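Trainee: After the structure tokens below, expect a handful of questions from me.
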Amino acid sequence: MGQVKLNRVLKGRCPVCHFEEFHLVSCQLGQFEDENARLRARLHAESLLAAESVKQRDRFKALAERREEQARVEESDLRMVAAHLELLDRPGVSDYLVDALLIMRRVLAARAAIEEKKHG
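Residue numbers (my numbering): 75 to 194.
As structure tokens, this is what we get:
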């Protein structure tokens, strides 16, 4: 545990050591009634910080999973557009199909821009 993390001030009734107003600051560690109270307070503070780290790790993991899923969807969309663009090179392709593909390209670009604004 780094000294910076232990310098946080934790307020409120502590469920572990049951102090009415619980403060743990590195300079106040010696102000508890006895060594056991000081150790309980320190362990409690470390467990709270560990729980925060787990929550943060879970948030980053969920974000990475969302980005991977988005990348898979975008790759699938790009493959679909590429396949349709290959159709344009064939003789006898109607103007209707060309218009539909151009609209699809605009929709995909708009969706990508919206997702970029959400996450970026």
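Positions of the beta carbon are idealized from the N, C-alpha and C atoms, including for glycine.
All values reported here derive from a predicted model rather than from experimental measurement.
Note down the Cα distance separating ARG116 from ASN110, rounded to an integer number of angstroms.
Mentor: The residue labelled residue 116 in the question sits at position 42 within the sequence shown. The residue labelled residue 110 in the question sits at position 36 within the sequence shown. Their Cα atoms are separated by approximately 10 Å.
Trainee: Given 8 Å as the limit, is there contact between the segment 123-131 and the segment 143-152, that is, 3 or more CB pairs closer than that?
Mentor: Judged by Cβ distances under 8 Å, the segment 123-131 makes no contact with the segment 143-152, as fewer than three pairs qualify.
Trainee: Within the continuous alpha helix (DSSP H) that includes ARG185, where are the two ends?
Mentor: Counted from its first residue, the sequence shown places residue 185 at position 111. First-last of the alpha helix (DSSP H) with ARG185: 169-193.
Trainee: Would you call the CB atoms of LEU161 and LEU171 closer than 8 Å?
Mentor: Locating residue 161 in the sequence shown gives position 87, where the first residue counts as 1. Locating residue 171 in the sequence shown gives position 97, where the first residue counts as 1. Taking 8 Å as the Cβ cut-off, LEU161 and LEU171 qualify as a contacting pair.
Trainee: Using only the alpha-carbon positions, how far apart do LEU176 and LEU182 sit?
Mentor: The sequence position of residue 176 within the sequence shown is 102, counting from 1. The sequence position of residue 182 within the sequence shown is 108, counting from 1. Going from the Cα of LEU176 to the Cα of LEU182 covers about 10 Å.
Trainee: Rounded C-beta distance between ALA184 and GLU148? I'm assuming under 8 Å.
Mentor: The residue given as residue 184 occupies position 110 in the sequence shown. The residue given as residue 148 occupies position 74 in the sequence shown. With a Cβ gap of about 13 Å, ALA184 and GLU148 do not count as contacting.
Trainee: I'd like the ranges of any alpha helix (DSSP H) spanning at least 4 consecutive residues and lying wholly in the segment 121-150.
Mentor: With a minimum length of 4 residues, no continuous alpha helix (DSSP H) run stays inside the segment 121-150.
Trainee: What does the alpha-carbon distance come out to for the pair LYS191 and GLN144?
Mentor: Counted from its first residue, the sequence shown places residue 191 at position 117. Counted from its first residue, the sequence shown places residue 144 at position 70. Cα to Cα, LYS191 sits roughly 14 Å from GLN144.
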